[in-house]
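Here the structure comes first, spelled out in structure tokens, and everything after it is commentary.
2 protein chains.
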Amino acid sequence: MNDMKKSVIKRRKSADIRKDNLQLILSVAEQRFAEYGYNGTTISAIADQAKLPKSNILYYFKTKEVLYKEVLSKILKIWMVDMEEMTAEQHPKQALRHYILLKIKQSKDHSNASRIFASELLHGAPFLRDKLQTDLKTQFIRTCQVIREWIAKQWMNPISPEHLLFMIWSSTQAYADYGLQSSILMGKTELEDDDFETGAELITQIVLKGCGIKLL
Amino acid sequence: MNDMKKSVIKRRKSADIRKDNLQLILSVAEQRFAEYGYNGTTISAIADQAKLPKSNILYYFKTKEVLYKEVLSKILKIWMVDMEEMTAEQHPKQALRHYILLKIKQSKDHSNASRIFASELLHGAPFLRDKLQTDLKTQFIRTCQVIREWIAKQWMNPISPEHLLFMIWSSTQAYADYGLQSSILMGKTELEDDDFETGAELITQIVLKGCGIKLL
DNA sequence: GAACTTGTTGACTCCGTGGTCAGGTAGTTG
DNA sequence: CAACTACCTGACCACGGAGTCAACAAGTTC
Chain A
1241 MNDMKKSVIK RRKSADIRKD NLQLILSVAE QRFAEYGYNG TTISAIADQA KLPKSNILYY
1301 FKTKEVLYKE VLSKILKIWM VDMEEMTAEQ HPKQALRHYI LLKIKQSKDH SNASRIFASE
1361 LLHGAPFLRD KLQTDLKTQF IRTCQVIREW IAKQWMNPIS PEHLLFMIWS STQAYADYGL
1421 QSSILMGKTE LEDDDFETGA ELITQIVLKG CGIKLL
Chain B
1241 MNDMKKSVIK RRKSADIRKD NLQLILSVAE QRFAEYGYNG TTISAIADQA KLPKSNILYY
1301 FKTKEVLYKE VLSKILKIWM VDMEEMTAEQ HPKQALRHYI LLKIKQSKDH SNASRIFASE
1361 LLHGAPFLRD KLQTDLKTQF IRTCQVIREW IAKQWMNPIS PEHLLFMIWS STQAYADYGL
1421 QSSILMGKTE LEDDDFETGA ELITQIVLKG CGIKLL
């Protein structure tokens, strides 16, 4: 029986072992960091939850900081990718609607990642200040430019693109960050699919109308 | 010289000493907790910054948790008080504009408090879940009711009061929580008075228009 | 299957942190 | 000024967490 187990389960190539373990650790770490923050998370806790000995975690990630940064770097990508899709050629009605929808979806499907990102910003972005100043800023400026072109084409009212983006970010992000608070206030244990939909719909409506975007 | 110091500076009544020290400690603690979170803040760090020995902090606050809760309890009050002003009799145009302005002001003037509150929610509100479920929820329901009456009076479009409040909260709160990110993206070292004003103006405009609130 | 690389792990060290305590000093009260 | 209370603080302790290490097991390569 033990032999069978060995041949069926344990016979893995080194490369696979590595891949699997990295994946497992990263995923557990993401959960813990989201829930308890960087300082509130211990390697032992991650180890326990991943059902691996602590030393094994340290074997794959030299330090806690390395592990955290690894988690973070995946997150920034997720966070930025949706923005790239907006172009000046699109009409803001579709573009913004689509963007808001993606953002809400992100809050729902990657709530842990979103929350880690938020927590990082909240405490002064000690670990990803550089990336903000380069990668995100570039994309931010580009997107502001897109909005400015929409304004020039009179597809929407002349409003500050920067602050508009902040508003969209924060109100969509809130469904991840403050999902718990929201559900408590609405007397639920957690947000349901419906809530995300209603939220997306409301944000879209208010933003479109608020920006004076005419229906095509 | 020393005598003079003693008689001028050090001759304080016990009651005053107590008051002053409590105040000092709470204020320093608020700063540290905002910047580094609960787990990232050490009593020694607070002590150093307050220029008091660690033991002295522990003399006034038995444990770190007690100190943190003390800081928190002040915050929830600040956070809730603005909401109370909105009533069904007011027209939403003035009421919402006023509320948004207050909220932004809060993000500016009490950014530390705001950030601690946000961080607390982000990590599941371990210390103020109870208060949310009682105090804040009561006020929340009341305010939703106010909005519902506005809708009934056709002063604004029929939209979910709950989600509208979430949207207002998050977008105003963002100026505290993500102020740093924002300033980085806009190439500043920190947000200026102008930014808060522009933000408040933009949020107000978008929300009012977005809710279909007619000008009187 | 021998030499080598990669993965695994328990025992250990080191250090920072929350919290205690005992012995002080400064204000208060009769 | 004597007795008392409130305030102050350095020395100390216990604990938990990050990270090391050495020895071993499992896969790989020829």
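From first to last, the protein sequence lines stand for chains A and B. Everything in the first sequence is counted per this note's numbering, starting at 1241 for the first residue and increasing by one. Everything in the second sequence is counted per this note's numbering, starting at 1241 for the first residue and increasing by one. Just so you know, even glycine gets a beta-carbon here, dropped at the ideal spot from N, CA and C.
Could you check whether the Cβ of MET1426 (chain A) sits closer than 8 Å to any Cβ belonging to chain B? Taking the first sequence and counting its residues from 1, the one referred to as residue 1426 (chain A) is at position 186. MET1426 (chain A) counts as touching chain B.
Spell out whether any CB of chain A is found under 8 Å from the CB atom of ILE1272 (chain B). Here residue 1272 (chain B) refers to the residue found at position 32 of the second sequence. This sequence places Arg at residue 1272 (chain B); Ile is not what is there. Not an interface residue.
If you measure between the beta carbons of ARG1355 (chain B) and ASP1417 (chain B), is that distance less than 8 Å? Working through the second sequence from its first residue, we reach residue 1355 (chain B) at position 115. Working through the second sequence from its first residue, we reach residue 1417 (chain B) at position 177. Yes. Within cutoff.
DSSP three-state call for TYR1418 (chain B): helix, strand or coil? Here residue 1418 (chain B) refers to the residue found at position 178 of the second sequence. Residue state, collapsed to three classes: coil.
Between TYR1276 (chain A) and GLU1329 (chain B), what straight-line distance do the alpha-carbon atoms span, to the nearest angstrom? Indexing the first sequence from 1 puts residue 1276 (chain A) at position 36. Indexing the second sequence from 1 puts residue 1329 (chain B) at position 89. Answer to the nearest angstrom: the Cα atoms are 43 Å apart.
Please return the same chain residues whose Cβ sits closer than 8 Å to the Cβ of THR1327 (chain A), not counting the five positions on each side in sequence. The count along the first sequence starts at 1 and reaches residue 1327 (chain A) at position 87. Cβ neighbours of THR1327 (chain A) beyond the five flanking positions: ALA1335, VAL1386.
Beta-carbon within less than 7 Å of LYS1304 (chain B)'s beta-carbon, same chain only, minus the 5 sequence neighbours each way: which residues are those? Taking the second sequence and counting its residues from 1, one reaches residue 1304 (chain B) at position 64. Contacts found: ILE1283.
Name, please, each residue of chain B whose Cβ falls closer than 8 Å to the Cβ of SER1400 (chain A). Locating residue 1400 (chain A) in the first sequence gives position 160, where the first residue counts as 1. Chain B residues near SER1400 (chain A): THR1438, LEU1442.
Taking the alpha carbon of VAL1321 (chain B) as the point to measure from, which residue in B:PHE1273, B:ARG1382, B:LEU1361 has its own alpha carbon closest? In the second sequence, counting from the first residue as 1, residue 1321 (chain B) sits at position 81. Of the candidates B:PHE1273, B:ARG1382, B:LEU1361, the one whose C-alpha sits nearest the C-alpha of VAL1321 (chain B) is B:ARG1382.
Figure out for me which residue from B:ILE1286, B:PRO1332, B:LEU1376 has the closest Cα to the Cα of LEU1316 (chain B). Here residue 1316 (chain B) refers to the residue found at position 76 when the second sequence is read from its first residue. Nearest option by C-alpha distance: B:LEU1376.
Enclosing alpha helix (DSSP H) for MET1396 (chain B) [first to last residue]: Here residue 1396 (chain B) refers to the residue found at position 156 when the second sequence is read from its first residue. It is not in any alpha helix (DSSP H) - MET1396 (chain B) carries neither H nor E in the DSSP assignment.
Just how far apart, CA to CA, sit MET1323 (chain B) and GLY1452 (chain B)? Indexing the second sequence from 1 puts residue 1323 (chain B) at position 83. Indexing the second sequence from 1 puts residue 1452 (chain B) at position 212. If I take the Cα positions, the gap works out to 21 Å.
Does any residue of chain B have a CB that is nearer than 8 Å to the CB of ALA1335 (chain A)? Your numbering for residue 1335 (chain A) matches position 95 in the first sequence. So, not an interface residue.
Could you confirm whether any beta carbon from chain A is found closer than 8 Å to the beta carbon of ILE1466 (chain B)? A question about residue 1466 (chain B) goes unanswered here, because the residues of chain B that appear run from 1241 up to 1456.
So, do the stretch 1392 to 1404 of chain A and the stretch 1396 to 1407 of chain B have three or more beta carbon pairs nearer to each other than 8 Å? no
Which of the residues in the stretch 1299 to 1324 of chain A, read from start to end, lie with their CB under 9 Å from any CB of chain B? none
List the residues of chain B whose Cβ lies closer than 7 Å to the Cβ of LEU1455 (chain A), in chain order. As a working mapping, residue 1455 (chain A) is identified with position 215 in the first sequence. Neighbours of LEU1455 (chain A) on chain B: none; closest Cβ ~14 Å, over 7 Å.
Check whether LYS1454 (chain A) and LYS1449 (chain B) have beta carbons under 8 Å apart: As a first step, residue 1454 (chain A) must be located in the first sequence, where it is residue number 214. As a first step, residue 1449 (chain B) must be located in the second sequence, where it is residue number 209. No. Outside cutoff.
Which residues, in order along the stretch 1356 to 1376 of chain A, keep a beta-carbon less than 8 Å from a beta-carbon of chain B? ALA1358, SER1359, LEU1361, LEU1362, HIS1363, GLY1364, ALA1365, ARG1369, LEU1372, GLN1373, LEU1376
Could you tell me whether any Cβ in chain A is nearer than 8 Å to the Cβ of ASN1279 (chain B)? As a position in the second sequence, residue 1279 (chain B) is number 39, starting the count at 1. Answer yes: the Cβ-Cβ gap between ASN1279 (chain B) and chain A drops below 8 Å somewhere.
Establish whether the CB of PRO1332 (chain A) and some CB of chain B are separated by less than 8 Å. Here residue 1332 (chain A) refers to the residue found at position 92 of the first sequence. No, no contact with chain B.
Pick helix, strand or coil for ALA1255 (chain B), following the three-state DSSP scheme. By 1-based counting over the second sequence, the position of residue 1255 (chain B) is 15. Here ALA1255 (chain B) sits in helix by DSSP.
Would you report the Cα separation of ALA1392 (chain A) and GLY1427 (chain B), rounded to the nearest angstrom? Position 152 of the first sequence, counting from 1, holds the residue named residue 1392 (chain A). Position 187 of the second sequence, counting from 1, holds the residue named residue 1427 (chain B). Approximately 24 Å between the Cα atoms of the pair.
When DSSP labels each residue in this structure, what does ILE1453 (chain A) get in the three-state scheme? Within the first sequence, numbered from 1, the residue matching residue 1453 (chain A) stands at position 213. Three-state result, ILE1453 (chain A): coil.
Write down every uninterrupted run of the beta strand (DSSP E) in the stretch 1281 to 1320 of chain A whose length is 3 residues or greater and which is fully enclosed by it, in chain order. none
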